[in-house]
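Position one of the sequence shown corresponds to residue 16 (our numbering), numbered consecutively onward. Just so it is clear, CB atoms sit at the ideal spot from N, CA and C, and this is done for glycine as well. The structure presented is a predicted model; accordingly, all values stated were derived computationally and were not measured.
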Amino acid sequence: MSLTRKRIAIFASGSGTNAEEILAYFNRHSTIQVVLLLSNNPSAFALARADKYNVPTKVFTKAQFKDSIVVLTWLQEKEVSHIVLAGFMWLVPSYLTQHYPDKIINIHPALLPKFGGKGMYGMRVHEAVKSEGENETGITIHLVNEKYDEGRILFQASCEVLEADSPRQIADKVHALEYAHYAKVIERWIND
Ligand code: GAR
């Protein structure tokens with residue numbers, strides 16, 4: 016294994032299906048490895064998914080996340096070069112964006128700038144898409160700055176929303192796009 020492989024930390028708050036896709040994609044990858052999975056939620060299933068791939072995990076409190084030492088020290092100990100948010104629900108503090116400029120990526124389950132910002136995450140996004148009567152939605156993969164969902168967009172893909180679709184069905188279509196694209200976009204972003 017090359018020592019020059021780029022080293023990813025994943026931040027995830029919940030189920031972690033996107034995290035698992037990324038763990039699987041970079042398992043034994045030649046240039047990129049996942050070295051840590053962090054969560055603000057001790058019962059996040061994402062933690063168990065990381066265990067399955069023998070990737071170490073860390074859980075932090077809001078106070079630890081706001082403090083500039085604890086989380087940064089964990090990342091530095093693991094020599095993390097890139098951060099991937101995969102269903103992570105807290106705003107990233109400025110000490111992290113300053114330490115990792117253009118090295119933090121996020122996926123949002125809608126076509127930003129629509130349906131973004133504080134409070135817009137997970138099923139809430141799909142419920143809003145439904146109630147606004149949108150006929151398309153999709154995913155946005157973007158760099159992270161200190162504001163929710165406002166960093167530079169790297170990639171978008173869309174899908175149709177039918178009148179009969181429930182928020183759950185919209186979520187399923189969006190998840191399919193996430194699984195098809197996120198790991199590949201991460202790979203291009205890191206390698207190019
Ligand atoms: C994903 O759809 C992701 O795009 C979204 O949360 C879901 C997490 O699912 N992220 C946001 O809403 C961030 N604003 P997962 O835990 O199964 O990957």
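- So does the region 156-172 actually touch the region 93-111, counting three or more Cβ pairs closer than 8 Å? Yes, the region 156-172 touches the region 93-111.
- Task: Give the single residue among Glu92, Val49, Ile122 whose Cα lies nearest to the Cα of His196.
- Result: The residue labelled residue 196 in the question sits at position 181 within the sequence shown. Of the listed residues, the one whose Cα sits closest to His196 is Ile122.
- Task: Might you give, ordered along the chain, the residues of its own chain that have their beta carbon closer than 8 Å to the beta carbon of Lys145, omitting 5 neighbours on each side?
- Result: Position 130 of the sequence shown, counted from the first residue, corresponds to residue 145. Taken in chain order, the residues that qualify are Val176, Asp180, Ser181, Pro182, Ile185.
- Message: Just to confirm my understanding: we take Val85, look at its own chain, exclude 5 residues before and 5 after, and list those with CB closer than 8 Å. What are they?
- Response: Residue mapping note: residue 85 aligns to position 70 of the sequence shown, counting from 1. Phe75, Gln79, listed in sequence order.
- Endpoints, the beta strand (DSSP E) within which Lys21 is located: For the purposes of this step, residue 21 is taken as residue 6 along the sequence shown, with counting starting at 1. Taken as a continuous stretch (DSSP letters only), the beta strand (DSSP E) holding Lys21 covers 21-26.
- Are the region 51-64 and the region 28-40 touching by the rule of at least three beta carbon pairs closer than 8 Å? Counting C-beta pairs closer than 8 Å gives three or more between the region 51-64 and the region 28-40, which meets the contact rule.
- Task: Give the secondary structure of Gln91 by DSSP, where H, G and I count as helix, E and B as strand, and everything else as coil.
- Result: Numbered from its first residue, the sequence shown carries residue 91 at position 76. Three-state DSSP puts Gln91 in a helix.
- Query: Phe80 by DSSP, collapsed to three states: which one?
  - Reply: For the purposes of this step, residue 80 is identified with residue 65 of the sequence shown, where counting begins at 1. Looking at Phe80 - three-state DSSP - the assignment turns out to be helix.
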